[in-house]
Amino acid sequence: MGRWFEIARLPAQFEKGRCIETNFSSRADKSIRVVSSEILKGELRKIEGTGVVEDMKNPAKLGISYSYVLPYSPYWILSTDYVNTALVYSCTDILRLFHVDFAWILARTRTLPEATVEKARETFENNNIDMTRMIATKQQGCDKDL
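The numbering of the sequence shown is my numbering, which starts it at -6 and goes up by one.
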């Protein structure tokens, strides 16, 4: 739970800005409030969604939806130390025609040491997730713009 900054990601159509962060908080019904934000073309954009733990025996596998009409998408926490970093992966088959996957390196701070980022990339690769498309998220100058 709490505030997480995006350090790097696999490209996604729904994330094109900079200063990307997500805040997770518990709701009374045991679902998770998910508020993601970014700065795109000088404007702050926010979107709110809902997360659910689909199986309490495996709480690292969540489902997240940003719309009542869309199904929950997988949001799997591959690794976290809860204090500094979290590595998240999601993949979905769309109509059995397309396969899309997403991956994020998240941190409690806007930057991480390069050695930590490299270790995160290795963790993804050790899980057979291709990191050749991973891009860094721009987190510079964010606090003055927000």
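For glycine and all other residues, C-beta sits at the position ideal for the given N, C-alpha and C.
Buried/exposed call for residue i, threshold 16 Cβ in 10 Å
i	result
ILE40	exposed
CYS84	exposed
GLU31	buried
GLN133	exposed
PHE7	exposed
TYR68	buried
LEU63	exposed
ALA21	exposed
Residue i and residue j closer than 9 angstroms at C-beta
i	j	result
THR130	GLU(-1)	yes
ARG2	ILE128	yes
ARG101	GLY(-5)	yes
ARG11	SER18	no
TYR59	SER29	yes
Rounded straight-line distance, which links the Cα of residue j to that of residue i
i	j	result
GLY42	ILE57	7 angstroms
LYS5	ASN119	It should be noted that the sequence gives Ala, not Lys, for residue 5. Distance between the alpha carbons of ALA5 and ASN119: 22 angstroms.
LEU105	GLU14	14 angstroms
LEU37	ILE70	27 angstroms
ALA79	VAL46	17 angstroms
THR109	LEU99	11 angstroms
TYR75	PHE91	33 angstroms
LYS23	LYS112	33 angstroms
GLY44	VAL81	14 angstroms
PRO52	CYS135	32 angstroms
TRP(-3)	ASN16	6 angstroms
SER72	PHE95	15 angstroms
LEU33	ARG126	21 angstroms
Backbone secondary structure at residue i - three-state DSSP
i	result
ARG26	strand
ALA1	strand
GLU47	coil
THR116	helix
ALA79	strand
ALA144	It is not possible to answer for residue 144, since the shown part of the chain is limited to -6 through 139.
THR125	coil
VAL62	coil
ASP94	strand
ALA108	helix
Chain D within 9 angstroms of residue i, Cβ atoms only
i	result
ASN51	Absent from the structure is chain D; it holds one protein chain and no more.
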